[in-house]
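Participant: Starting off with a structure, shown below.
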Amino acid sequence: MPSDPTPSRTAVVTGASSGIGAASARALAAQGFHVVCAARRTDRIEELAAEIGGTAVTCDVNDADSVAALAAAVPVCHVLVNNAGGAVGTDRVEDADIEDWRWMYEVNVLGLVRVTQALLPSLRASGDAVIVNIGSTAGRWAYEGGAGYTASKHGVKVVSETLRLELNGEPIRICEVAPGMVRTEEFSVNRFRGDQEKADAVYAGVDQPLLAEDVADAVAWVATRPSHVDIDELVIKPRAQAAAHKVHRS
0 MPSDPTPSRT AVVTGASSGI GAASARALAA QGFHVVCAAR RTDRIEELAA EIGGTAVTCD
60 VNDADSVAAL AAAVPVCHVL VNNAGGAVGT DRVEDADIED WRWMYEVNVL GLVRVTQALL
120 PSLRASGDAV IVNIGSTAGR WAYEGGAGYT ASKHGVKVVS ETLRLELNGE PIRICEVAPG
180 MVRTEEFSVN RFRGDQEKAD AVYAGVDQPL LAEDVADAVA WVATRPSHVD IDELVIKPRA
240 QAAAHKVHRS
């Protein structure tokens, strides 16, 4: 009798309703993973899941019950992509809106921690797992008007480094993928509270900023390395960007 086919591996992607999250879900599905698309916007993730043959689970990473329901839906997880996050505002520190900072810290750092805690039993159950945290070059550079966001992304970097230490010896790899300038449909628009003109100005004159698919390609590559290979961190920038303060514009 023919042997049973190899069961598909399962990947969970948070913030899968748009941008890097949606692109990562597609890239992992193309690598043969059954992808659990998790986000707050049910209609979007249901459409994506139908497209890639995955599963949609409505989830708010800042809600403990919601995250527990996600974990219950995934008893075995091979790849976790902690992508949910965002930026709001460009205020100087002296003018900072504390509630904006609180939101960024809660979703970018605490949401990541909450999902990781909940899914660790599922990751351990796989016997060979990868956690990919989507950080940012903002976790490495400071720049005027960005302290709230950069502080939260520095937090992602340090949480990733600490997980690597604490889970050493277990069959779980940890990677932070840290993109620089990425043009997606929502990130800058959300940061500027819906002001499309200001969002477009971020990328004005820049020859080929990164796309969500470029980052997703890196996520899929990290997730498919041999099990003894851990890509600790991967910083990705467009050729035009040398640093936060140095971007070539035509």
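Under numbering that gives the first Met the number 0, the first residue of the sequence shown carries the number 0, and numbering increases by one thereafter. Idealized CB from N, CA, C, for every residue including glycine. Owing to the predicted nature of the structure, the values given are computational and were not obtained by experimental measurement.
Tell me whether the region 236-244 and the region 134-151 touch, counting them as touching only if at least three CB pairs, one residue from each stretch, are closer than 8 Å.
Facilitator: They touch, by the three-pair rule.
Participant: Just verifying my parser: in three-state terms, what is the DSSP assignment at residue 178?
Facilitator: It is a strand residue.
Participant: Looking at the unbroken alpha helix (DSSP H) that takes in residue 117, where does it start and where does it end?
Facilitator: Taken as a continuous stretch (DSSP letters only), the alpha helix (DSSP H) holding residue 117 covers 110-125.
Participant: Three Cβ pairs or more, each shorter than 8 Å: is that satisfied between the region 15-25 and the region 62-70?
Facilitator: No, because fewer than three Cβ pairs between the region 15-25 and the region 62-70 fall closer than 8 Å, the two stretches do not touch.
Participant: Checking 7 Å against the spacing of the C-beta atoms, do residue 122 and residue 171 come in under that value?
Facilitator: Closer than 7 Å, so yes.
Participant: Specify the secondary structure class of residue 189 as computed by DSSP and reduced to three states.
Facilitator: Correct three-state label for residue 189: helix.
Participant: What are the partner residues of residue 12, as DSSP defines its beta bridges?
Facilitator: DSSP lists 36 and 80 as partners of residue 12.
Participant: Who are the Cβ neighbours of residue 233 in its own chain at under 8 Å, not counting the five residues just before and after it?
Facilitator: Around residue 233: 174, 175, 176, 177, 217 and 221.
Participant: Restricting to Cα atoms, I'd like to know which of 35, 74, 165 and 24 is closest to residue 56.
Facilitator: Answer by Cα proximity: 35.
Participant: Sort 119, 22, 199 and 139 by Cα distance to residue 157 and report the nearest one.
Facilitator: Nearest option by C-alpha distance: 139.
Participant: For residue 161, count the other beta carbons within 10 Å of its own beta carbon; 16 or more makes it buried, fewer makes it exposed. Which is it?
Facilitator: Its Cβ having fewer than 16 others within 10 Å, residue 161 is exposed.
Participant: How about residue 211 and residue 27: are their beta carbons less than 7 Å apart?
Facilitator: No.
Participant: Is it buried or exposed for residue 164, if we count other Cβ within 10 angstroms and need 16 for buried?
Facilitator: The residue in question, residue 164, is exposed, as its Cβ has fewer than 16 Cβ neighbours within 10 Å.
Participant: Given a cut-off of 7 Å, decide if residue 133 and residue 82 are closer than it, judged by their beta-carbon atoms.
Facilitator: Closer than 7 Å, so yes.
Participant: For the putative contact between residue 209 and residue 230, defined by C-beta atoms under 8 Å, what is the C-beta separation to the nearest angstrom?
Facilitator: About 18 Å; that fails the 8 Å criterion.
Participant: Would you mind working out which of 21, 117 and 204 sits nearest residue 50, comparing C-alpha positions?
Facilitator: Ranking the options by Cα distance to residue 50, first place goes to 21.
Participant: Residue range of the beta strand (DSSP E) that residue 232 falls in?
Facilitator: Its beta strand (DSSP E) spans residues 232-235.
Participant: Locate the beta strand (DSSP E) running through residue 54, then write down its first and last residues.
Facilitator: Per DSSP, residue 54 belongs to the beta strand (DSSP E) from 54-57.
Participant: Where does residue 237 land, buried or exposed, given buried means 16+ other C-beta within 10 angstroms?
Facilitator: It is buried - the Cβ of residue 237 has at least 16 other Cβ atoms within 10 Å.
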